[in-house]
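Colleague: Quick one: the structure is below, questions incoming.
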């Protein structure tokens, strides 16, 4: 069993992103430019269809926007996919054992060369594929010979938005454009436009062909008898007279008395009238002219003294009379349009949303035969049906759209012609509508109704496994397929995709939802089973949402049902990294994100409630959280451990510093248990703290790198009421290169508790990410890794028993089913955006075979694009081209420092940290250490470096070193004496004084005269280098007296030693120390641990130097690391390094038993001697 619980999320707002095969496969473009293939593996039941998902990460250079399936499926499993980078690829699938091998067959890049995105792809037949780009380039691709032909003249100046290939007429293609124009093209030979019409007044979003070539439309005449009083009143007004006259007579007129106005109103002065000598309409504002004001009051009517029964009888007689009266004018109109036909009276109800209670009476109907119909829908929801000749047949507008209102979210309407008499439409919201395009009213309008409202928001894609070509059998009155694929009509399904990340499988025939499948738009980082409800699992995904999966046992009690997934996204606002259920409070779930957020979610009830955020405390991502006693919540992120009191969400968290042997640890993992608070450090250490005082009880270093996960073994398992004999075990995973899982034993007996290594599990080929103990079988451990496998370990035997290789990318989250009946059922999630449910008994270690998908190596087109689109910013180009040499300024010192090895570091430690000396035959020039000594020693080293520059005639370096030392006068004098003054050097002179700049300019003019007299004017235009852009930038900043900016410029150019020298020359020791810290951090991040340890020794931090050297599996480095740890008082870490050194010695083979391999010459001589001996 390998079932998918969470699927990769399809790309949003792509109407043709999903394709469904006749045998139920789902193929679509997923996140991270990936291609997703979902293969059904069992028959549908009440829980829905099960799928085995295969995901290819970065299948294209950009996101996939359209896919289509070969007409030869399933005999030949081929598909085509187009992406936003203009590349169209053909893929093939081959089933091997329990997996699928995916191979890239071929591709074309015609759209990429035109710098346009692919809008749509489609198979015309088994041989040809049609693709279209966003700039109007149509491509006919012969996939048998891999030859393409472009048609770029038909859609010139138009921007296509959708495309559909005709299933009836070969090479007939319908194209919708952003301008609302619809094209129907014939791409045979040179191609031609069959018709071009104004489809919509707005952007055309989707087009779909009728699956039946010839259909019969029924046109009906509908009359409406409205019950609206407003309509009756309006008709009476039109018959009796004009509206204005009748309104004047509808009430009693009455003049207002003279005293209606207040006396305080000031009368207008008529002595000066600005309008007197001008025309009346010349000015906008006109003088007020008093006029008679009349008001209407209700006319008093006499009360109707008739009883209620008589009024009802009169109303009944009136209704019967009006019902039996024939309307000759409408009857004659029908005869003129459609001819004499039999009278057929039918009553139909209007849509349920209609506000008027009206009755429709069908007087007569006519039939019309149409061929090759096409449906289109615009952005405002207007649906139109087009005939073969481009004539408008019918239309309708789907509710829910108002083009006058600006929507905050994108509305992406789409449609699918599912059957000749069923057209499925989406208005871009949550509803799926249905209409019969073969039945029209007298105004050629279509009537629609709601098919389902199963989505929550943003339905943007519809797909089906129904055949593209369908025929009408008049005798049986059933839709039949032309292709003999054995698919019955009751097996036809419709798939819909929406922004709520749900994919819904729906049966139109049975009006039933067959399955609802949730998808993930990010990595699945963690799974946490609920401790008190075996039916609930919390899942954290990197798409900014927390999911809770509610499931149960099926009828046979041998597997989990599909269940439902609730998504909590409000106030989460980030990549969710970890979740944790409260052990006692029902429905309380904690989560943390990569943006330092920690929050709480109340999952009780059916409503998806917003999260409640706590006060942020750390920096960077919070990778580990755990509930403690009561309502305390521990969170670990940014190297800090904090504790929240969740009852008071607005209170700041409490910082918990962890110190081991006087050294503060940077923490990255935490887990609470009644036995102790387990924490892991970034240096590979494990410590157990007291649950009350948070004091360190015991600690040990297991690995040399960051701890990913540390997990206590459960005290009891579900199959026993007694404590487990393995309850004191701890499983630990790390970023260590050895890819091991450490099984530790916590020994709390005796005077002081301690942690000992019980076993080390080896087998993974990459870093181990997470580990999880089986709550039902105490010796089973589950692990995930960057090698994409999930492994089950028998910790007692120390062996891997089961390997699951279903993930195509690295596996991250692991967990076990909570039901005791499913002790062998595991859950795993990973970087392939899936959560999988599988039985470990189906994936034994002996049967595991690694599956590798084949990909054709493509040309790197990004470089070509960059070469075509060159930037005009010459300064940026120069910066990219010019790289400053690290040997330019301090070559002699650099040769003494590099290469850095264990012997040289030991000599440094002996002199700077005063560690014990060891006999070492290696001798090194250690003059560079004077750089980090007193001022006199520092200057003596720089003087020696400058002498070396003069001897080697490195004059530019000599002058630049003078600039860095602040000796501007000697630099200008030296340059003038050697005729080396340049505009750049002259531009630095004003930093001294204005007079000095004038003197420098005089020297520069004298130099130009001398060069002119010698006939060496070409020297004045020599290129100015001075070590590169970084050095020149630093010199300019120094001329502005911005020493700190000059140091930062050198640091950004990765010239850390030069930046330190500059800070030291200007007597800024604090900036120099900060530069060394930056140098150490940069080298550590890039894996240069020896250089980073060099910086730490200079800074005097023996422990950090020891930690860095312990990461190097070299005997000399480990011995030095042990000595430095002992010097720093870190005996625990020194023991860890000694153990590591002992393992290296135990794995070494004596050199006497090793023989050197013979060279080719020796082998050739040996063979020659052998031949000669045989000849003799």
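In the working numbering, the protein residues as written are 368 to 1543.
For every residue, glycine included, the Cβ atom is placed at its ideal position computed from N, Cα and C.
Quick caveat: nothing in here was measured; it's all calculated off a predicted structure.
Excluding five sequence neighbours on each side, which residues of the same chain lie with their C-beta closer than 8 Å to the C-beta of residue 1197?
Modeller: 890, 891, 1151, 1155, 1174, 1176, 1177, 1178, 1179, 1180
Colleague: Report the three-state DSSP secondary structure of residue 766 (helix, strand or coil).
Modeller: Judged by DSSP in its simplified three-state form, residue 766 adopts coil rather than helix or strand.
Colleague: Give me the Cα-Cα distance between residue 1165 and residue 1127, rounded to the nearest whole angstrom.
Modeller: 8 Å
Colleague: How many angstroms separate the CA atom of residue 1509 from the CA atom of residue 1098?
Modeller: Distance between residue 1509 and residue 1098, taken at the CA atoms: about 23 Å.
Colleague: Output the residue ranges of the alpha helix (DSSP H) runs that lie fully inside the region 1307–1395 and measure 4 residues or longer, sorted by chain position.
Modeller: 1322–1331, 1335–1344, 1350–1354, 1361–1381
Colleague: DSSP state of residue 872, grouped into three classes?
Modeller: strand
Colleague: Do you know how far the Cα of residue 1323 is from the Cα of residue 1367?
Modeller: 18 Å
Colleague: Nearest-angstrom Cα distance between residue 877 and residue 827?
Modeller: 23 Å
Colleague: Can residue 983 and residue 1185 be called in contact, C-beta distance under 8 Å?
Modeller: Contact annotation: residue 983 and residue 1185 have beta-carbon atoms that are not nearer than 8 Å.
Colleague: Just to confirm my understanding: we take residue 874, look at its own chain, exclude 5 residues before and 5 after, and list those with CB closer than 7 Å. What are they?
Modeller: 860, 881
Colleague: Quick check on residue 520: does DSSP put it in helix, strand or coil?
Modeller: coil
Colleague: Tell me whether the beta-carbon of residue 431 lies closer than 8 Å to the beta-carbon of residue 459.
Modeller: Contact: no.
Colleague: Could you give the first and the last residue of the continuous beta strand (DSSP E) run that contains residue 455?
Modeller: 455–463
Colleague: My parser needs the beta strand (DSSP E) runs of 3 or more residues fully inside the region 973–1027; what are they?
Modeller: 989–994, 999–1004, 1007–1012
Colleague: Please state whether DSSP places residue 890 in a helix, a strand or coil.
Modeller: Reduced to three states, the DSSP call for residue 890 is coil.
Colleague: Any beta carbon of chain D sitting closer than 8 Å to that of residue 992?
Modeller: Of the protein chains in this structure there is only one, and it is not chain D.
Colleague: Would you identify the three-state DSSP class for residue 1427, choosing helix, strand or coil?
Modeller: Here residue 1427 sits in helix by DSSP.
Colleague: If residue 917 and residue 937 are in contact, beta carbons under 8 Å, what's the gap, nearest whole angstrom?
Modeller: That belief does not hold up - the Cβ atoms of residue 917 and residue 937 are roughly 19 Å apart, past 8 Å.
Colleague: Beta strand (DSSP E) containing residue 535: first to last residue?
Modeller: Unbroken run through residue 535: none, as it is neither H nor E.
Colleague: Would DSSP call residue 679 helix, strand or coil?
Modeller: helix
Colleague: Does the Cβ of residue 592 have 16 or more other Cβ atoms within 10 Å, making it buried, or fewer, making it exposed?
Modeller: Note that residue 592 scores 40 on pLDDT, short of 50, meaning its location in the model is unreliable and no value can be drawn from it.
Colleague: How would you write the range of the beta strand (DSSP E) that residue 1126 sits in, first residue to last?
Modeller: From DSSP, the beta strand (DSSP E) with residue 1126 extends over 1121–1129.
Colleague: Considering Cα atoms alone, identify which of 1338, 1379, 1378 is closest to residue 1359.
Modeller: Residue 1359 has its Cα closest to that of 1338, out of 1338, 1379, 1378.
Colleague: So what does DSSP say about residue 479, is it helix, strand or coil?
Modeller: helix
Colleague: Pull up the distance between the alpha-carbon of residue 1454 and that of residue 1444, whole angstroms please.
Modeller: So the two alpha carbons sit approximately 15 Å from each other.
Colleague: Who are the near neighbours of residue 1488 in its chain, counting only those whose CB is closer than 7 Å to its CB and skipping five residues on each side?
Modeller: 1473, 1476, 1477, 1504
Colleague: Apply the 10 Å Cβ neighbour rule to residue 1262 and answer buried if 16 or more other Cβ atoms are within range, or exposed otherwise.
Modeller: Flag for residue 1262 reads exposed.
Colleague: Along the chain, where does the beta strand (DSSP E) that runs through residue 1299 open and close?
Modeller: Per DSSP, residue 1299 is not a residue of any beta strand (DSSP E), being assigned neither H nor E.
Colleague: For residue 927, which of 1512, 369, 1486 has the nearest alpha-carbon?
Modeller: In this structure, 369 is the residue among 1512, 369, 1486 with its C-alpha nearest to the C-alpha of residue 927.
Colleague: Look up residue 1158 in the DSSP assignment and give the residues it is bridged to.
Modeller: 1150, 1170
Colleague: So what does DSSP say about residue 800, is it helix, strand or coil?
Modeller: Three-state DSSP puts residue 800 in a strand.
Colleague: How far does the alpha helix (DSSP H) with residue 959 in it reach, from first residue to last?
Modeller: DSSP places residue 959 in no alpha helix (DSSP H) but in the uninterrupted beta strand (DSSP E) bounded by 955–960.
Colleague: Name the DSSP beta bridge partners of residue 529, please?
Modeller: 543
Colleague: Between residue 1414 and residue 1306, what straight-line distance do the alpha-carbon atoms span, to the nearest angstrom?
Modeller: If I take the Cα positions, the gap works out to 19 Å.
Colleague: What separation, rounded to the nearest whole angstrom, lies between the Cα atoms of residue 1365 and residue 1350?
Modeller: 13 Å
Colleague: Which class does residue 1032 belong to by DSSP, given the choice of helix, strand or coil?
Modeller: coil
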